[in-house]
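Peer 1: Structure in structure tokens, see below.
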Amino acid sequence: MVEIVQAKATVTLFKVSELRDKRPGDKSLSSCPEFYSRISQADIPKASEAFNKGNPKVAEQGMNEADSCEHGFSGSSPLTDYNKYVHGVAAVAAAIARTLLSYSVNAIGNQ
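Just so you know, we're using the working numbering here: the sequence shown kicks off at 18 and counts up by one.
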């Protein structure tokens with residue numbers, strides 16, 4: 018699941034770059050590259066490592082940041098579909114992390 022978020026974040030980052038080339042004066046696009054770079058370079062690796070190490074709480078924290086780009090626009094955004102998809106997939110990954118955390122807490126409590 019984390020890999021899907023990574024792939025869609027990368028596609029969105031390319032789309033942002035394309036839009037910035039077409040609309041160089043659009044200040045609303047200025048924060049999106051930083052946001053998606055942070056997702057790709059920091060949040061995704063952190064979440065992936067946490068899943069692999071069996072630490073779903075850290076994985077959930079890493080995945081929950083995927084919703085800021087859209088807020089930089091007043092009104093509709095040319096990235097709405099991309100932002101919604103990344104947010105949705107990240108929300109599913111976070112839900113999986115929460116479920117794993119709940120399962121691990123319950124398993125420890127039942128020992």
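Beta carbons are placed, not taken as given, at the ideal position from N, Cα and C, and that holds for glycine.
Source: prediction; values computed, not measured.
1. Would residue 100 be called buried (16 or more neighbouring beta carbons within 10 Å of its own) or exposed?
2. State the Cα-Cα distance for the pair residue 43 and residue 35, rounded to the nearest angstrom.
3. So residue 31 is in the alpha helix (DSSP H); what residue range does that whole segment cover?
4. In whole angstroms, give me the CA-to-CA distance for residue 65 and residue 120.
5. Let me know the secondary structure DSSP gives residue 89 once reduced to three states.
Peer 2: Considering the structure as presented:
1. By the neighbour-count rule (16 or more Cβ atoms within 10 Å), residue 100 is buried.
2. 12 angstroms
3. 19-39
4. If you take the alpha carbons of residue 65 and residue 120, they lie about 19 angstroms apart.
5. helix
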